[in-house]
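Chains as they are written, first to last, in my numbering: chain A, 544 to 791; chain B, -17 to 206; chain C, 179 to 663. Please read the structure below before turning to the comments.
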């Protein structure tokens, strides 16, 4: 069995650990042996987004130390994978040894749906769900990584599930990390539009691959449309007994 | 002595860090560069029609003048400003005007800018010009402005009629640049690409023609 | 133009109340039309990439291209004036107008003239200015700033235009038909074009190898300002130059498709100096005013100068999910949308444009659309980093102390996983004060913006990290058990 190292973003670790468990479960089902380095902490995105590059470099180096020897690294998040793939090499550009380790690592890190479909070459993970689902195309996953077909292939392989079109599927949901808190009026208007599109799609569940989008859309639904479901694709496919005590 | 603005600006720019110049791949070429003459005409007509222009095809000089008569009648033309470029000159429009009961004037009839402007802004119903090029890729006319091709003739009147021999049809802009500009010492004071009538959508995105320039443009392509 | 960049949040809030449904409803339509226009290239991606390379080369070679342009423009018979800043440029143009006894000028749409506040300076000096692009004409009469860089009056209701025209341009019959309103403007401005003696226009592209200046338009107002008067002034911000005519026309192909979904706009007019002596119309003198206004300063920053590639197509506005919500006013100055977010901070200094490079989700739509290859998200991050490290070129602000302390602590913890996990455990009870069905409605007084309209899951009692360690323990105990058995 091939080992694959999993990178669990801090948002998932702290608030949505069941997505981490779903990730483990899916990788096992796909015939891999997931391992988790307990030394991992955070990819450094909050620092680089706030302009604290020196601090982000330290986080990057720590990350590279933790994951540097792994053959493959997989994460249920697009924005964190983008951080490692695209920002680490430019962040460490002035330190040639670190830069080449970063460039090397950037070739071996994957978003989860990308890994399952493109690397493991599996689409049917044995899940079933009777109903309609819609898929929200998160910004870093679609435009950052070019990943769009892979999640849809996984969804279409779920028995009994109908993937329905979502209007403005690739329009940003309004999360943007600090943006949602600093510009709440704009963010709220964006997530309200996203939820409006979800409701008019007629889908029973909205699926996505980005924990940030999940917190944003899910947080808004929890407050204003408590019945409506949004799920991370990993949870949807793993179909665990719910191990969370909350709605997302 | 205080540095001139020019020298100060340039020296600041030159003092900045130099970035390597990216190498260029081949220039993307449009399909129209390899069309046959017949295909070029078709492409030109389709593109110009899409932008709201009207295209007529005629065989020769005689048919061109007939078409012009039809247009004059349909548009109720009484007085027209015509260019004196080689195409228009060859048509003897002053004779045609007499036959069709309308006044034909040219920019050469005026000895001052102001009197020419009065005429072209207020007295004429149409401007009739030739064109130096027709470009298929976008349904575009290319006009070199000089003493025989006044700028306002194709701009001020509400109707612009252009008569273009098909031999002047090319596929893409690069071919026009080659002919007018490449290695030439004396460049025209102004060269204009005209594609369709004047247009705007500035009020609530509602499009309409004839904002400031002509509301209608009619191109008569002459030749086989 | 007055700078209101520090009122971003207030203006945005006001604008959100207006709920610009036409921006949202139009977004799909505009996008489809743009994509259809780009698909007329055999390879749209290659065409866009080539545009990006042209602009990258132009910016890399800026000083030598400007010198080459000037040399050729001068030999074409044009005059060239260089202006360090807004004052030099405006004063020079006022001087030209006064020398020639000019009573009024007709203006073609030029954002750099808005940058330098030219109209105000002319009016103060007794020279009337008439904006002639329909959208600019409307906002000039209304006394408002542009809503969109391409369609500055696109948000103005027809009723308002009707009332405006009845009041200011002698519209006789009240009408709500945009076509008739446009016609009224045509008649009014035609008289101005007829008798104008000085036309002031912008420059879309300048060509180094020939000294040519190009204007791209649909209405014809720019051509009028370059044909009717004896004096033509073309105002050019110094980044507009490109090496060759082929380059210029490739950019014009991209500009028209990205801007208005056309293969080519109605008129592309290319000037090589003033009219020849035997021409009856056209300018007797053509003066190019090259404006710096901060660009040679910005140019010192190798990354920031990427923003100077912009060709003003406005496609980024149409693709931006934030612009779609708030419209153009909130950006507070000449340039709006993502291109305004990268340009205004450079021209005005980072300190008073804080919100412009933070009010973004970094969604990347702008970058994916841009025919000039600008990396807007990368620039936003660059400006934020410069704020933290401090930078005189970009005129940064100092980051707040609490923020700097926070990130120092954060860094210390992020490199020490035991401290990190201990910190999580420490913080949890404070965060999870009052969960409701597992969701938090607030966290003390923090993150008020988030919690106004959203819940947050409570922090898990066991993080994934904890659960993994548990699972490993269970597995090894199970193995030990099996071994014993």
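Glycine included, every Cβ here is placed at the ideal spot set by N, Cα and C. Keep in mind that this is a model prediction, so the values were computed, not measured.
Identify the continuous alpha helix (DSSP H) that holds residue i and give its terminal residues.
i: residue 694 of chain A; result: 692 to 699
i: residue 219 of chain C; result: Run containing residue 219 of chain C: none; DSSP gives neither H nor E here.
i: residue 607 of chain A; result: 596 to 610
i: residue 553 of chain A; result: 553 to 558
i: residue 242 of chain C; result: 240 to 253
i: residue 0 of chain B; result: That residue, residue 0 of chain B, is in no alpha helix (DSSP H); it is neither H nor E in DSSP.
i: residue 297 of chain C; result: 296 to 302
i: residue 585 of chain C; result: 579 to 592
i: residue 641 of chain A; result: 639 to 649
i: residue 273 of chain C; result: 264 to 277
Please return the same chain residues whose Cβ sits closer than 6 Å to the Cβ of residue i, not counting the five positions on each side in sequence.
i: residue 448 of chain C; result: 390 and 392
i: residue 718 of chain A; result: 755, 756 and 759
i: residue 618 of chain A; result: 550 and 624
i: residue 491 of chain C; result: 433, 436 and 437
i: residue 184 of chain C; result: 530
i: residue 375 of chain C; result: 280, 407 and 408
i: residue 431 of chain C; result: none
i: residue 216 of chain C; result: 222 and 435
i: residue 621 of chain C; result: 609
Tell me which residues share the same chain as residue i and place their Cβ nearer than 7 Å to its Cβ, disregarding the 5 neighbours each side in the sequence.
i: residue 94 of chain B; result: none
i: residue 211 of chain C; result: 439
i: residue 294 of chain C; result: 264, 267, 268, 469 and 471
i: residue 660 of chain A; result: 666, 693, 696 and 697
i: residue 646 of chain A; result: 632
Leaving out five residues before and five after residue i in sequence, what residues of the same chain have Cβ atoms less than 8 Å from its Cβ?
i: residue 602 of chain A; result: 584, 585, 586, 587 and 590
i: residue 127 of chain B; result: 133, 170, 171, 172, 173 and 174
i: residue 72 of chain B; result: 43
i: residue 636 of chain C; result: 609, 610, 613, 616, 617 and 618
i: residue 107 of chain B; result: 57, 58, 59, 60, 61, 62, 139, 140 and 141
i: residue 636 of chain A; result: 642
i: residue 554 of chain A; result: 620, 754, 755 and 758
i: residue 648 of chain A; result: 607, 610, 611, 616, 627 and 631
i: residue 803 of chain A; result: With chain A covering only 544 through 791, there is no way to say anything about residue 803 of chain A.
Where do the N-terminal and C-terminal ends of the beta strand (DSSP E) with residue i fall, by residue?
i: residue 179 of chain C; result: That residue, residue 179 of chain C, is in no beta strand (DSSP E); it is neither H nor E in DSSP.
i: residue 664 of chain C; result: There is no way to answer for residue 664 of chain C, as the model of chain C reaches only from 179 to 663.
i: residue 116 of chain B; result: 115 to 117
i: residue 142 of chain B; result: 141 to 147
i: residue 284 of chain C; result: 282 to 285
i: residue 775 of chain A; result: 772 to 775
Taking only beta-carbon positions, decide if residue i is within less than 7 Å of chain F.
i: residue 499 of chain C; result: You won't find chain F in this structure, because its protein chains are A, B and C.
Buried or exposed: which applies to residue i, given that a residue is buried once 16 or more other Cβ atoms fall within 10 Å of its Cβ?
i: residue 203 of chain B; result: buried
i: residue 604 of chain C; result: exposed
i: residue 352 of chain C; result: exposed
i: residue -9 of chain B; result: buried
i: residue 414 of chain C; result: buried
i: residue 666 of chain C; result: Outside the shown range of chain C (179 to 663) lies residue 666 of chain C, about which nothing can therefore be said.
i: residue 91 of chain B; result: exposed
i: residue 639 of chain A; result: exposed
i: residue 763 of chain A; result: buried
i: residue 451 of chain C; result: buried
i: residue 748 of chain C; result: Shown here, chain C extends from 179 to 663; a query on residue 748 of chain C therefore has no answer.
i: residue 341 of chain C; result: exposed
i: residue 55 of chain B; result: exposed
>> My parser needs the beta strand (DSSP E) runs of 3 or more residues fully inside the stretch 670 to 733 of chain A; what are they?
In response: 671 to 678 and 702 to 706
> Would the stretch 9 to 22 of chain B and the stretch 489 to 502 of chain C be scored as touching if the rule is three or more Cβ pairs under 8 Å?
Replying inline: no
> What are the complete beta strand (DSSP E) segments, minimum 3 residues, inside the stretch 63 to 104 of chain B?
Replying inline: 85 to 88
>> Across the stretch 553 to 573 of chain C and the stretch 475 to 490 of chain C, are there enough close Cβ pairs to call them in contact, namely three or more that are closer than 8 Å?
In response: yes
> Between the stretch 705 to 717 of chain A and the stretch 677 to 684 of chain A, do three or more beta carbon pairs fall short of 8 Å?
Replying inline: yes
> For the 8 Å Cβ check, are there 3 or more pairs between the stretch 767 to 781 of chain A and the stretch 738 to 753 of chain A?
Replying inline: yes
>> Restricting to runs no shorter than 3 residues, where is the beta strand (DSSP E) found entirely within the stretch 379 to 444 of chain C?
In response: 383 to 385, 390 to 395 and 409 to 415
>> At 4 residues or longer, what runs of the alpha helix (DSSP H) sit wholly inside the stretch -5 to 50 of chain B?
In response: 19 to 32
>> If contact is defined by three or more beta carbon pairs under 8 Å, each pair taking one atom from either stretch, is the stretch 320 to 331 of chain C in contact with the stretch 542 to 550 of chain C?
In response: no
> Counting Cβ pairs, one atom from each stretch, are 3 or more of them under 8 Å apart for the stretch 271 to 287 of chain C and the stretch 368 to 383 of chain C?
Replying inline: yes
> Are the stretch 549 to 561 of chain C and the stretch 588 to 602 of chain C touching by the rule of at least three beta carbon pairs closer than 8 Å?
Replying inline: no
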